[in-house]
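What follows is a set of notes on a single structure, which appears directly below.
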Amino acid sequence: TMIILEDVPRETLEAGRLDGASTWQLYRYIVFPIIIPISLPLVFIKMMESLRSFDFIFVLTAGGPGTATETLDMYAYWQGIGSAGRISYASSMSITMLVISIVLITVIWKVLRKWHE
4 TMIILEDVPR ETLEAGRLDG ASTWQLYRYI VFPIIIPISL PLVFIKMMES
54 LRSFDFIFVL TAGGPGTATE TLDMYAYWQG IGSAGRISYA SSMSITMLVI
104 SIVLITVIWK VLRKWHE
C-alpha cells in the first residue's frame, strides 16, 4: 500500500505546499485523486480473494487453531452444515455477504467509471 503513495509526484505536492494548501487539502485534492484509480481495483481483487479463500483454509486448517483462521464464509458453513445445524442462520449470513459484496462492487465500479471519464 505504501508503494501507491510513491506514485504521487513530489513536485506536485511541493507546488501545493507553495500555493498554501494544508495537509488535508494536499491529500484531498492531490493524493487521493492520484491513488484512488490504483487502489480501488486492488480493494476489489482482495475482496474477491477473501471470498475464494474458503477451500484453502478448510483443507489446510479447517479454521483452526480454535477460530484463528476462520472466515465469514467458513463460519456460515460450520453454522449450517457443521455441528450447529442452523441452516437458516447460515443461509441468511451467506445472502447478507452476497448483498454486501454486490453493493461494494457496484460502488467501486461506479467510482472507477467516474474517474475514467
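Numbered according to my numbering, the sequence shown terminates at residue 120, and the numbering increases by one at each position without gaps. Don't be surprised by glycine CBs; every beta carbon is placed ideally from N, CA and C. Source: prediction; values computed, not measured.
May I ask you to report which of helix, strand or coil DSSP gives residue 89? Taking the sequence shown and counting its residues from 1, one reaches residue 89 at position 86. Coil at residue 89, not helix or strand.
Among 41, 53, 58, 78, whose alpha-carbon lies nearest the alpha-carbon of residue 97? Residue 97 sits at position 94 when you count from the first residue of the sequence shown. Each of 41, 53, 58, 78 was checked against the Cα of residue 97, and the nearest Cα belongs to 78.
By Cβ distance below 6 angstroms, which residues in the same chain neighbour residue 34 in space, the five residues on each side in sequence not counted? Residue numbering aside, residue 34 sits at position 31 when the sequence shown is read from its first letter. Only 11 meet the Cβ criterion.
Check whether the region 41 to 57 touches the region 94 to 114, counting contact only when three or more Cβ pairs, one atom from each stretch, lie closer than 8 angstroms. Two segments are said to touch when three or more pairs of C-beta atoms, one from each, lie closer than 8 angstroms; by this definition the region 41 to 57 touches the region 94 to 114.
Leaving out five residues before and five after residue 32 in sequence, what residues of the same chain have Cβ atoms less than 8 angstroms from its Cβ? In the sequence shown, counting from the first residue as 1, residue 32 sits at position 29. Excluding sequence positions up to five before and after residue 32, its CB lies within less than 8 angstroms of the CB of 19, 24, all in the same chain and listed in chain order.
Starting from residue 53, trace the alpha helix (DSSP H) both ways and give me its first and last residue. Taking the sequence shown and counting its residues from 1, the one referred to as residue 53 is at position 50. Per DSSP, the continuous alpha helix (DSSP H) segment holding residue 53 begins and ends at 35 to 54.
Under the three-state DSSP convention, the category residue 11 falls into: As a first step, residue 11 is located in the sequence shown; it is residue number 8 there, counting from the start. DSSP places residue 11 in the coil class of the three-state scheme, outside both helix and strand.
Roughly how far, in whole angstroms, is the beta-carbon of residue 71 from the beta-carbon of residue 82, given that I think they are within contact range, below 8 angstroms? Here residue 71 corresponds to residue number 68 of the sequence shown, with the count starting at 1. Here residue 82 corresponds to residue number 79 of the sequence shown, with the count starting at 1. Rounded, the Cβ-Cβ distance is 18 angstroms, inconsistent with contact.
Looking at residue 76 and residue 3, is the spacing between their C-beta atoms short of 7 angstroms? Since the first residue shown for the chain is 4 and the last is 120, residue 3 is missing from the structure and cannot be characterised.
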